[in-house]
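For the sequence shown, our numbering begins at 1152 and goes up steadily by one.
Beta carbons: idealized from backbone N, C-alpha and C, even for Gly.
Step one of this worksheet: look at the structure below.
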Amino acid sequence: MTTIYKSEAGGRELLDHYQQALRTWPVAAEQVRVPTREGETFVLVSGPRDAPPLVLLHGSGANTSMWRADITTWSRHFRTYAVDLVGEPGLSAPSRPVLGSDAVSLWLDDVLDGLGITGAAFAATSLGGWTALDYAIRRPARVTRLALLCPGGVGRQKVGWIYKALLASLFRRGGLRESAMAVAGLDGERDRQALDSVVLTFTHFNPRREKLPVFPDDALRGLSMPVLVIVGDRDAMFDSRQTARRVRECVSRSTVNVLPGVGHAIFGQTEPIAAFLRA
């Protein structure tokens, strides 16, 4: 556990907090544990058994609880599979497959095979967005649609915020909270609950620190499925304008929405994503 957490006690506190979120999940759900080459992977399954499959991939420093506000709507129309990425603060194994290799797609092969899914739509954010793009590029036959929020691997990954965040957390009281507000684009009052969760997580969790590999133009041009990309124009982690431009230029069946005044954390897109996925 201490490979991804700063202490055993901190890891237990985070997992207890997550278990509480799972106990109050807003829809009926089945908890599934899938054996994979990277270790056991936790998946929260909701929705009608005969509905089309929708795989949900969260971002770094998160788990399936990030889909809480979306799941009631999406699970009416889809059989949803909210996957805890390995190496993140959820209930999956702490292993971290090498980014930019085929290790991530092989892990996701195991997850889908274990769930009996041959092909699915994907909704994903940030690191999960990078994972979904990587999988769609390597396994296009298994991905029917992509709905991506602030995905990594397209626009330039910014690094200046890292040094500001470190300085703030080291030398100012409440610095971690200030850093979370700046990096995620969260409002201290409006987004208090989300902010509390982010602060708790990064008090105890060691995130991946390597830069996400950038997908070349040719790889993006190979995407033939419909792709929706939603970014905030104040994203502190990725160059959202470059993301929007490259997707529009390279992905033939793309829809790109740039949200003004929005940072890396994007809320309120449940209905637009549902409409895209059901089209």
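Quick one, which of Ala-1395, Ser-1211 and Gly-1280 has its alpha-carbon nearest Gly-1383's? Ala-1395
Alpha carbon to alpha carbon, how far is Ser-1211 from Asp-1201? CA-to-CA, the gap between Ser-1211 and Asp-1201 works out to about 31 Å.
Roughly how many angstroms lie between the CA atoms of Trp-1281 and Ala-1160, to the nearest whole one? 31 Å
From the DSSP output, read off the bridge partner residues of Asn-1357. Answer is none; Asn-1357 lacks a bridge partner.
What separation, rounded to the nearest whole angstrom, lies between the Cα atoms of Phe-1229 and Pro-1177? 15 Å
Below 8 Å, how does it come out for the region 1175 to 1189 and the region 1254 to 1270: are there three or more Cβ pairs, yes or no? yes
Could you check how far apart the C-beta atoms of Ala-1220 and Thr-1421 are, in whole angstroms? I think they sit under 8 Å. 6 Å
If we call anything under 9 Å between Cβ atoms a contact, is Phe-1427 one with Pro-1358? no
Which partner residues of Tyr-1156 appear in the DSSP bridge assignment? Phe-1356
Distance CB(His-1415)-CB(Ser-1277) smaller than 9 Å: yes
Pick out whichever of Gln-1393, Thr-1354 and His-1355 has its Cα sitting closest to the Cα of Phe-1366. Gln-1393
Would you decide whether Gly-1279 is buried or exposed? Buried here means 16 or more other CB atoms lie within 10 Å of its CB. buried
Does DSSP classify Arg-1230 as helix, strand or coil? Three-state DSSP puts Arg-1230 in a strand.
Beta carbon of Phe-1273, beta carbon of Arg-1296: below 9 Å? yes
Return helix, strand or coil for Ala-1319, following the three-state DSSP convention. Any reading at Ala-1319 needs caution, since the residue's pLDDT is 48, under 50, leaving its predicted position unreliable; the model's value is listed next. Ala-1319 falls in the helix class under three-state DSSP.
Below 8 Å on the Cβ atoms is my guess for Cys-1401 versus Leu-1371; work out the distance and round it to an integer in Å. 4 Å
What residue range does the alpha helix (DSSP H) around Pro-1423 cover? 1421 to 1429
Between the Cα of Tyr-1169 and the Cα atoms of Ala-1298, Val-1349 and Gly-1267, which residue gives the shortest distance? Val-1349
If I follow the unbroken alpha helix (DSSP H) through Gly-1383, where does it start and stop? From DSSP, Gly-1383 is part of no alpha helix (DSSP H) but of the beta strand (DSSP E) over 1378 to 1383.
What does the alpha-carbon distance come out to for the pair Phe-1322 and Thr-1354? For Phe-1322, the predicted structure reports a pLDDT of 42, less than 50, and the residue's modelled location is therefore unreliable. The matter cannot be settled from this model.
Among Ala-1244, Tyr-1156 and Thr-1269, which has the Cα closest to the Cα of Val-1194? Ala-1244
Report buried or exposed for Pro-1240, applying the criterion of at least 16 other Cβ atoms within 10 angstroms of its Cβ. buried
Neighbour-count burial assignment, Thr-1352, 16 or more Cβ in a 10 Å radius: Its Cβ being crowded by 16 or more others within 10 Å, Thr-1352 is buried.
With Ser-1256 as the anchor, note down where its alpha helix (DSSP H) starts and where it stops. 1254 to 1266
Taking Cβ to Cβ, would you say Pro-1204 is nearer than 9 Å to Ile-1268? yes
Can you tell me whether DSSP reads Leu-1166 as helix, strand or coil? helix
If you run the structure through DSSP and keep just helix, strand and coil, what is Ser-1197? strand
Would you mind giving the Cβ-Cβ distance between Trp-1218 and Ala-1425, rounded to the nearest angstrom? I have them listed as a contact below 8 Å. About 12 Å separates the two Cβ atoms, so there is no contact after all.
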